[in-house]
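For the protein sequence lines, the chains are X and B, in the order given.
Be aware that the first sequence starts at 1, since it is given in our numbering, and climbs by one per residue.
Be aware that the second sequence starts at 1001, since it is given in our numbering, and climbs by one per residue.
Below you'll find the structure, written out as structure tokens, and then a few comments.
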Amino acid sequence: MMWAILSLLVENKPGILFKITHLFRSRNFNIDSISVGVTENPDYSRITITTFGDEKQVEQIVKQLDKMIDTVKVEHLDEHKTVYRELSLFKIKLSNANDSMEVNKLANAYGGKVHDVKKDSLMVELTATPDQTQAFEELAKPFGIIDVARTGVAALQRSGA
Amino acid sequence: MNNMETMTGAKALMTAMEKEGVKQVFGLPGGANLPMYDEFARCDIRHILTRHEQSASHMADGFGRVSRKPGVCFATSGPGATNILTGIATAQADSSPMIAVTGQVPVAMIGKDAFQESDIIGMANPVVKYAYQPRSAAEIPEVVKKGFFIAETGRPGPVLIDIPKDVQTGEADMVFPDEFKIQGYHPWSDPDIVAVEKAIDMLLNSEKPIILAGGGTIISSAFAELQAIAEALMLPVVTTFKGKGAFPENHPLSLGPIGMHGHAEANKMMAEADCVLAIGTRFSDRSVGTFETFEKRLKIIHMDVDPAEIGKNQTAQLAVIGDVRVNLRIMVKLLLQKAIKKTEDTTWTKHVKETKAYWKENLKLHPGEMGAAKILRKLRELLPKEAIVTTEVGQHQMWASLFYDVIQPGTFFSSTGLGTMGWGFPAAIGAKVARPDVPVVDIAGDGSFAMTENSLATAVLEDIPVIVFVLNNSILGMVAQWQRTFYGRRMIGVQQEHCPDYVKLAESYGAQGLRAQSMDELDKAIKTALSSDVATVIDIPIDPEEDVLPFVAPGTSLGDMILPS
């Protein structure tokens, strides 16, 4: 199984996200994460999908997406030549006086920002790769994670790559 | 700006369709498509009324497959729209060009669970090539233009146009564009000369090469090219069931369809081949058996217009992407340039000939006078070679595959992908509208015919004289065969109890009903039907115990056929 980042340039019209996700369902593919946003040209949106599959499956996903009339460009990005990040918000429990400082240190180590500091909890905003986010989550678990929200990956290929 | 004129959306729809060359629409009116129906009073497009929207969609499908131009069907919103879903899915599964136009509740009512509202765009999404829902009347001319273009180019398919009622009645200054752009749609690829040259090398360097012609060969009318290549390289030709009749089945190199109920010689030779030129096929499970076994030991050259088919079900050593006729023409040209013309039999071609001769001689057939093989061979004998045949779905369909030889390419059509019972009769009506000059016969079973038999009203009232050739075993025969083979002869839910009487049923619609209980009667009935100018049902009682054999059981491979004992 491989993890793949797919970048789709699509026409910015209603119903397209539905068609893309429907394709994944009807062809028995998986969506690991998905993020959507309009591009610098308001006629287009960029959809970034991360998925798991063997090489043949990923190739099929790309071909089926490419076949869709609403997709203008479909790319399977090489993760080593791509900048990819997702934004996550973690609401973390604070059980004693030390926790606040410890969580702050942890957040700093991962380049995170701290928000909404309360007596019993605080929120960490993290922009990182899914692997880094996963690692942060493991380290934050002992404090107690109350809630997590993740945006899914956004990705762009590096220039010249 | 050309042709600017103020008109309603409904009028714009009909005008745009006339510009596309539409001569008739199959359909059924209802509340949400009445403005469009009213336009039939003011245009030259013929309306052919059906008794069920599903039949309208199959008629459009049959018309499209035969004429290679999109057939058009109309249905109202809600249940009208859901009734054509089966027809749309059937057209999509078999890459048939179709335009389905549905009425929809007014824009402001969408999402309010209005009377006869259904989210047909959402429901149809996975079974259409594309779908449009214009939200203003002014969009209609371009939507129609693009819809026809998408339906008939590249790999053809159905396009749904869902028009809210107020968009039909709304007025706008209409522009009928000659040019348009669909940015994400690339139906054509450049011819691939390098790949075609490689393909020739691969075929020349294999010991046991074979051609597998699929439905794409028929869609692109690559008949002459296919025959020229087969003859120049002395390649035996098998087809998929959808590709049946891509190659004349009386040709010495023809082995017939492979698959679950393929010809024994076709399955045997396909299983032994070491290199296949696969043309316009998606390697369906019904054609190839288990995917893993099929591609083992086999070098696959895959020619297809749809890049997504390459590597989907089978791994190709060489892909030739693009219209198969274009690439086959290049192959013919290269073979001529290189003066490649084989005339000497090889060990392989001799073996193929012997195998074919053996099975012609030794396949055991039903011993009775009214066995399926005898009946279908009689039909073949009496039909002119240009006659068009459609089939329903079931045992009769597979017997037609086995025993009705297609002589003139592109005269045999069936619901092969979705396997839609009830398809054959309305599709035959659509085919007859496309080709009124040739006889059109629906080879049917009693179970399938029952599903759309009310299309007899359309055939009679609209004067579309097709022949329904019912192999009547009074049982859902293919299900019964599986129950006999895999479920210990427990026959559940299959008995039809000779209900209805198809002769009387035909007569009640004003059609001709004939019954044939012997070969003599069959001979007479077919001749009567062919010389009649009214739709005819020929009811042919047959043995409910007759199996379709050979049979490649699901999950096994083509070499392992169950044969008649």
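Glycine included, every Cβ here is placed at the ideal spot set by N, Cα and C.
query: Taking 9 Å as the CB-CB cut-off, is X:H76 touching chain B?
result: No, X:H76 lies away from the interface with chain B (no Cβ there is under 9 Å from its Cβ).
Express the C-alpha separation of X:N104 and X:K119 in angstroms, rounding to a whole number. Roughly 14 Å separates the two Cα atoms.
Close-in-space but distant-in-sequence residues of the same chain around B:F1040 (CB under 6 Å, 5 per side omitted): Its chain contains H1047 as the residues whose beta carbon lies nearer than 6 Å to that of B:F1040, once the 5 sequence neighbours on both sides are disregarded; these appear in chain order.
By how many angstroms is the C-alpha of B:N1033 removed from the C-alpha of B:A1278?
Our two residues, B:A1278 and B:N1033, have alpha carbons roughly 44 Å apart in a direct line.
Q.
Please identify, using Cβ separations under 7 Å, the residues of the stretch 1308–1319 of chain B that lie next to chain X, in order along the chain.
A. Those residues of the stretch 1308–1319 of chain B that come within reach of chain X (Cβ to Cβ, closer than 7 Å) are A1308, G1311, K1312.
Counting Cβ pairs closer than 8 Å, one from the stretch 1439–1455 of chain B and one from the stretch 1071–1091 of chain B, do we hit at least three?
Contact fails between the stretch 1439–1455 of chain B and the stretch 1071–1091 of chain B, because fewer than three Cβ pairs, one in each stretch, are under 8 Å apart.
DSSP on X:Y84, reduced to helix/strand/coil? The answer is strand: DSSP assigns X:Y84 an E or B state.
Notebook entry, point to check: Can the beta-carbon of B:I1120 be found closer than 9 Å to that of X:K63?
Noted result: By the CB criterion at 9 Å, B:I1120 and X:K63 fall outside the cutoff.
Report task. Would you check if the distance between the CB atom of B:E1453 and the CB atom of B:L1505 is smaller than 9 Å? Result -> B:L1505 sits close to B:E1453, with the two beta carbons spaced by under 9 Å.
Requested in this report: Just list the alpha helix (DSSP H) runs in the stretch 1453–1532 of chain B, keeping only unbroken ones of 4 residues or longer that don't cross its boundaries, in chain order.
Outcome: Entirely contained in the stretch 1453–1532 of chain B, the alpha helix (DSSP H) runs reaching 4 residues are, in chain order, 1455–1461, 1477–1486, 1502–1508, 1519–1531.
Can you grab the Cα-Cα spacing for the pair B:K1128 / B:G1157, in whole Å? It is worth fixing the name first, because residue 1128 of chain B is Val in this sequence and not Lys. Between B:V1128 and B:G1157, the C-alpha separation is close to 7 Å.
*Considering only C-alpha positions, which residue in the set B:A1387, B:D1437, B:K1360 is nearest to B:F1403?*
That would be B:K1360, whose Cα lies nearest to the Cα of B:F1403.
Let me know the secondary structure DSSP gives B:W1188 once reduced to three states.
-> Coil, per DSSP.
- Simplified DSSP state of X:S162, which is helix, strand or coil: As shown, chain X starts at 1 and ends at 161. That puts residue 162 of chain X outside it, with no answer to give.
Select from B:A1553, B:L1456, B:V1548, B:G1245 the residue whose C-alpha is nearest the C-alpha of B:D1405. Taking only the C-alpha atoms, the option nearest B:D1405 is B:G1245.
Under the rule that 16 or more other beta-carbon atoms within 10 Å means buried, what is X:I146, buried or exposed?
X:I146 should be labelled exposed.
Check: Run through DSSP, which three-state label would B:M1001 get?
Finding: Only weak support is given to the placement of B:M1001: the predicted model assigns it a pLDDT of 47, under 50, and the question is left unresolved by the model.
**Asked** Is the stretch 1460–1467 of chain B close to the stretch 1484–1491 of chain B, with three or more CB pairs under 8 Å?
**Response** Judged by pairs of C-beta atoms under 8 Å, the stretch 1460–1467 of chain B does not touch the stretch 1484–1491 of chain B, as fewer than three such pairs exist.
Fill in: Endpoints, the alpha helix (DSSP H) within which B:K1146 is located
Note, B:K1146: alpha helix (DSSP H), 1140–1152.
Notebook entry, point to check: For the beta strand (DSSP E) that X:K113 lies in, which residues bound it at each end?
Noted result: Per DSSP, X:K113 belongs to the beta strand (DSSP E) from 113–115.
- Quick one, are the C-beta atoms of B:S1287 and B:T1281 less than 9 Å apart? B:T1281 is positioned such that its CB atom lies closer than 9 Å to that of B:S1287.
Ignoring anything shorter than 3 residues, give me the beta strand (DSSP E) runs that lie fully in the stretch 1310–1388 of chain B, in order along the chain. The stretch 1310–1388 of chain B contains these whole beta strand (DSSP E) runs: 1318–1321.
Query raised in the report: What are the boundary residues of the beta strand (DSSP E) that includes X:R158?
Result: Careful: X:R158 lies outside any beta strand (DSSP E) and carries neither H nor E.
Point to revise | Proximal residues to B:T1015 (C-beta, below 8 Å), its chain only, five neighbours per side dropped | key: Here the set comprises M1007, C1043, P1141, M1174, F1176.
- Going along the stretch 42–63 of chain X in order, which residues come within less than 8 Å of chain B, judged by CB to CB distance? The stretch 42–63 of chain X vs chain B, Cβ under 8 Å: K56, E59, Q60, K63.
Original post:
Considering only the beta carbon of each residue, do B:G1087 and B:S1067 sit closer than 9 Å?
Top reply: Taking C-beta atoms as the reference points, B:G1087 and B:S1067 fail to come closer than 9 Å.
message: Taking the straight line between their C-alpha atoms, what separation do you get for B:R1329 and B:E1225?
response: C-alpha separation (whole angstroms): 6 Å.
- Query: Going along the stretch 1172–1192 of chain B in order, which residues come within less than 8 Å of chain X, judged by CB to CB distance?
  - Reply: If the cut-off is 8 Å between Cβ atoms, the stretch 1172–1192 of chain B has I1182, Q1183, G1184, Y1185 near chain X.
Three-state class that DSSP yields for B:I1052 in the structure shown | Correcting the residue identity first, residue 1052 of chain B is His in this sequence and not Ile. Note: B:H1052 maps to coil in three-state DSSP.
Point to revise | N-terminal and C-terminal residue of the alpha helix (DSSP H) that X:L17 is part of | key: Run containing X:L17: 16–26, per the alpha helix (DSSP H) assignment.
Near B:I1210, which residues of its chain fall below 7 Å by C-beta distance, leaving aside the five closest residues on each side in sequence?
Non-local beta-carbon contacts of B:I1210 in its own chain, meaning distances under 7 Å to residues more than five positions away in sequence, involve L1235, P1236, V1238, M1269, M1270, A1273, V1276 in chain order.
Beta carbon of B:S1189, beta carbon of B:P1307: below 9 Å? Cβ distance < 9 Å, so B:S1189 and B:P1307 count as in contact.
### Query
Apart from the five residues on each side of it in sequence, which residues of its chain come closer than 6 Å, Cβ to Cβ, to B:K1341?
Contacts found: A1232.
Exercise for the section: Go ahead and pull the three-state DSSP assignment for X:S45. Expected result: The answer is strand: DSSP assigns X:S45 an E or B state.
Limits of the alpha helix (DSSP H) - the one that X:V74 falls within
Careful: X:V74 lies outside any alpha helix (DSSP H), inside the beta strand (DSSP E) at 71–77.
| said: What does the Cβ neighbour count give for B:W1399, buried or exposed, with the cut at 16 atoms within 10 Å? | reply: Looking at its Cβ environment, which holds 16 or more other Cβ atoms inside 10 Å, B:W1399 is buried.
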